[in-house]
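Below you'll find the structure, written out as structure tokens, and then a few comments.
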Amino acid sequence: MMRPHSNYIALGSPSNKPSEGASQTPPTRVFCPVPGGHSNKTGSSEVWDAAKLVPQLTVDEAQNLEWNYGHVLTRHRSVKGTIESPSRTYDDDVEAEELKVLLDPYYDVTTGRLRRMYQHFNPRASAGVNYDEFEKGLFALGITPPPGMDFGQFTRKVDADGDGMVSLAEFVAVVQMIKQAHLFKPEHSHQDSTARSALRVVDYSPTHVHAVDPVRHVQGFMFSAKPAWATVRWVHLAGFQRMDDLNVRRLAIKYQLHPLAVEDCLSADDKIRCKYEHYDDHSFLIVPVLRPLDVSKRSHLEACINDRRRALFHKDRTLRKGGALDNTRASSMLSFFKPTTPTVAAKSSPHGGGRPSSRHHKRLELESKLDKLHVLMRQPQQLCVFVSKDKAHVLSIQEEEEAGAPTETTARPLWHVIYDRNLTKSYSKLRNHDATFLVVSILAATVDEMMPLVAVFESTLKMLGKLLRLEGIQFNPKRLARAQKHLVGLEKVVRPMLDLVQDQLLDQDEFRHGEVKNYLRDVMDHLRQMAVDIRDHHQTLAALVDEDKQLRAQHKDDVMYAMSVVAACFLPGTFMTGIYGMNFENIPELKLEYGYYVWWAVLCVIVALLLVYLKVIKKWI
Numbered sequence: 004m005m006r007p008h009s010n011y012i013a014l015g016s017p018s019n020k021p022s023e024g025a026s027q028t029p030p031t032r033v034f035c036p037v038p039g040g041h042s043n044k045t046g047s048s049e050v051w052d053a054a055k056l057v058p059q060l061t062v063d064e065a066q067n068l069e070w071n072y073g074h075v076l077t078r079h080r081s082v083k084g085t086i087e088s089p090s091r092t093y094d095d096d097v098e099a100e101e102l103k104v105l106l107d108p109y110y111d112v113t114t115g116r117l118r119r120m121y122q123h124f125n126p127r128a129s130a131g132v133n134y135d136e137f138e139k140g141l142f143a144l145g146i147t148p149p150p151g152m153d154f155g156q157f158t159r160k161v162d163a164d165g166d167g168m169v170s171l172a173e174f175v176a177v178v179q180m181i182k183q184a185h186l187f188k189p190e191h192s193h194q195d196s197t198a199r200s201a202l203r204v205v206d207y208s209p210t211h212v213h214a215v216d217p218v219r220h221v222q223g224f225m226f227s228a229k230p231a232w233a234t235v236r237w238v239h240l241a242g243f244q245r246m247d248d249l250n251v252r253r254l255a256i257k258y259q260l261h262p263l264a265v266e267d268c269l270s271a272d273d274k275i276r277c278k279y280e281h282y283d284d285h286s287f288l289i290v291p292v293l294r295p296l297d298v299s300k301r302s303h304l305e306a307c308i309n310d311r312r313r314a315l316f317h318k319d320r321t322l323r324k325g326g327a328l329d330n331t332r333a334s335s336m337l338s339f340f341k342p343t344t345p346t347v348a349a350k351s352s353p354h355g356g357g358r359p360s361s362r363h364h365k366r367l368e369l370e371s372k373l374d375k376l377h378v379l380m381r382q383p384q385q386l387c388v389f390v391s392k393d394k395a396h397v398l399s400i401q402e403e404e405e406a407g408a409p410t411e412t413t414a415r416p417l418w419h420v421i422y423d424r425n426l427t428k429s430y431s432k433l434r435n436h437d438a439t440f441l442v443v444s445i446l447a448a449t450v451d452e453m454m455p456l457v458a459v460f461e462s463t464l465k466m467l468g469k470l471l472r473l474e475g476i477q478f479n480p481k482r483l484a485r486a487q488k489h490l491v492g493l494e495k496v497v498r499p500m501l502d503l504v505q506d507q508l509l510d511q512d513e514f515r516h517g518e519v520k521n522y523l524r525d526v527m528d529h530l531r532q533m534a535v536d537i538r539d540h541h542q543t544l545a546a547l548v549d550e551d552k553q554l555r556a557q558h559k560d561d562v563m564y565a566m567s568v569v570a571a572c573f574l575p576g577t578f579m580t581g582i583y584g585m586n587f588e589n590i591p592e593l594k595l596e597y598g599y600y601v602w603w604a605v606l607c608v609i610v611a612l613l614l615v616y617l618k619v620i621k622k623w624i
């Protein structure tokens, strides 16, 4: 499934020791060994191109840098206490808020926030600051260099281009590197060893594809850059657990993710709201993911859909040939157009092979199929997609637990659909477009996973209708309530996604041109079709509910009708009993020798005449 990697030009290792003029010397290849017992799809080792953050500063040196935030607050409060101007007090409050960026729980290293921090070093708003100003600014923020290195040496390492000035880009790079390095300190090694998530990376261009599945040397990747030959890098974090967000924080630093977007990604909310937002450094998309409960459910679901399609094809072909359907199919078709009569499930005969046993067999078969569709889908899961401003990086984070599991045991994970079925093909359109087309492909894969869940309801409702007509009043109405619950759950996912694509994404500039627009409109058509199907299924389900109510009401009327006929037949007997049961002393018929038999004869004649009147004359029975 994996293509062998090409010979890439490595830009250097983040752990290389610094040396003078290192930026002018040719870098060497970086190999990150894979632990024994695991095979990487690119070969026996991972190869990463080192990022150009701070080439002369190593990870070990960055980890030794400390941010003495307590010293900063103490200095800030002491200065603030000597100032009486309200405007100055407000400025100090703003400054204190800006300083808190270094301890932001979501590691806010966005360009906008770091630009405002840089103003503390560069009050004149020039293109850069000299070493002395930068040193004073870092000291004011409580930043100290690692042991054995003075501030001047550290500043020269930060000045990557060696022009004697520290620019905003160099400041952003050093902050990113330091914050990233701190997340690889030994105290985080336990979280790395117990993490259940799987990190996958693929770099692709129209002619080349290089994937690492899974990434085992996470530190090497976090300090790497997209190869020069690649047009897009897709980073996919699967099996994400909200209680284990270490890799999410690392990715937030690497790609300068906005803390509000990271907070939405980490929020443990049962309600998943579709949204698409723009930030200074990236765009952010949230969509829910619905898929079958497991592989067996998916297989049964697809079998039901295929059986339904075959039945419709056979019916259409038979009608086109001018033939007649068999009695079972014909009665099934006509049952929608003729009035229903109350039915009671026939008892099967253990020795007879007639109609009762056939009805019983059909009922058991339908119940077995419907029971397998009892729990059809899992709870919706959240898929977060980040797209860089330059449309060259896509980061997707999903909760689907697929780490370490083979593709055959998972329900079509996103990586399998996008990479194995698309990117590995030489004719893939994904490889000829930017990151926006990848986002549309992710949306399409998510929608395609939901389509069978909606399509199977046509077969489900058909089976429910057949079972209802077979069982009559013995039909369990909870089956209809369960189907209604599943339909409502699907509608809560499909409708917001349709609104997102139709009202938001199609209005964005990046989705309005070329093939991206065409494929996004195709996604919208699928969502719209699912919304229409769900509405139709609601109507069909409502018709089944009404039919069930009518059957039960009809059965109740039949019971009352039978009781009324019986009561009418015995009414003359009650009348005669009342007359001859009186306590009068002179009732001649009571003393007849055959009076009892005469009473029964008269009663039978009256009942017979009453039945003739009701049946023949009035035709009420």
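Here the numbering used here is used: position 566 in the sequence shown is 569, and no number is missing along the way.
Even for Gly, the Cβ is constructed at its ideal location relative to N, Cα and C.
CA-CA distance, residue 564 to residue 613, rounds to 16 Å. Distances from the CA of residue 394 to each of 400, 423, 439 were compared; the closest alpha carbon is that of 439. In the three-state scheme derived from DSSP, where H, G and I count as helix and E and B as strand, residue 569 is classed as helix.
Take residue 217, set aside five residues on each side of it, and the residues of its chain with a beta-carbon closer than 7 Å to its own are 201, 202, 203, in chain order. Within the same chain, and ignoring the five residues on either side of residue 235 in sequence, the residues whose Cβ sits closer than 7 Å to its Cβ are 207, 395, 397, 437, 438, 441.
As a beta-bridge residue in DSSP terms, residue 387 pairs with 289, 400. Beyond the five residues adjoining it in sequence on each side, residue 583 comes within less than 8 Å, by CB distance, of 590, 592, 593, 602 in the same chain, given in chain order. The beta carbon of residue 179 is closer than 8 Å to those of 56, 112, 256, 257, 259 in its chain, skipping five residues each way along the sequence. In the DSSP assignment, the residues bridged to residue 237 are 205, 397. Burial check for residue 418: the Cβ neighbour count within 10 Å reaches 16 or more, so the residue is buried.
Excluding its 5 nearest sequence neighbours in each direction, residue 392 has C-beta neighbours in its own chain below 7 Å: 284, 285, listed in chain order.
Between residue 467 and residue 486, the beta carbon gap of about 7 Å places them in contact (Cβ cut-off 8 Å). The alpha carbon of residue 422 has as its nearest neighbour, out of 227, 621, 237, 54, the alpha carbon of 237. Burial is judged here by how many other beta carbons sit within 10 angstroms of a residue's own beta carbon; residue 567 has fewer than 16 and is exposed.
Looking only at 385, 181, 525, 249, the smallest Cα-Cα distance to residue 199 is reached by 249.
In this structure, residue 533 places its C-beta atom within 9 Å of the C-beta atom of residue 457.
Not a single unbroken stretch of the beta strand (DSSP E) spanning 3 or more residues falls wholly within the stretch 421–495. The distance from the Cβ of residue 275 to that of residue 262 is about 20 Å, inconsistent with a contact at the 8 Å cut-off.
Three or more pairs of CB atoms, one per stretch, sit closer than 8 Å, so the stretch 450–464 contacts the stretch 293–302. Residue 500 holds the alpha-carbon nearest to the alpha-carbon of residue 451 among 500, 428, 482, 477.
Counting the other CB atoms within 10 Å of its CB gives residue 209 a total below 16, which places it among the exposed residues. Straight across, the Cα-Cα distance linking residue 445 with residue 120 is about 36 Å. Assignment of beta-bridge partners to residue 533 by DSSP yields no partner. By the criterion of a C-beta distance shorter than 6 Å, residue 280 is surrounded in its chain by 287, once the five residues flanking it on both sides are discounted. Cβ-Cβ separation between residue 555 and residue 476: approximately 6 Å, consistent with a contact (criterion under 8 Å). When DSSP reads this structure, residue 295 sits in a beta bridge with 380. Burial check for residue 619: the Cβ neighbour count within 10 Å stays below 16, so the residue is exposed. 159 is the residue among 139, 134, 159, 115 whose C-alpha sits nearest the C-alpha of residue 58. For residue 257, the uninterrupted alpha helix (DSSP H) segment begins and ends at 249–257. Within its own chain, the residues whose Cβ lies closer than 7 Å to the Cβ of residue 383, once the five positions on either side in sequence are excluded, are 275, 291, 292, 293, 496, listed in chain order.
Closest by C-alpha distance to residue 177, out of 114, 223, 231, is 114. By the C-beta density criterion, residue 222 is buried, having at least 16 other C-beta atoms within 10 angstroms.
In this model, residue 131 and residue 231 are separated by some 28 Å (Cα to Cα). Taken through DSSP and simplified to helix, strand or coil, residue 129 comes out as coil.
Annotation for residue 65: no beta strand (DSSP E) segment contains it, though the alpha helix (DSSP H) segment containing it runs 62–67.
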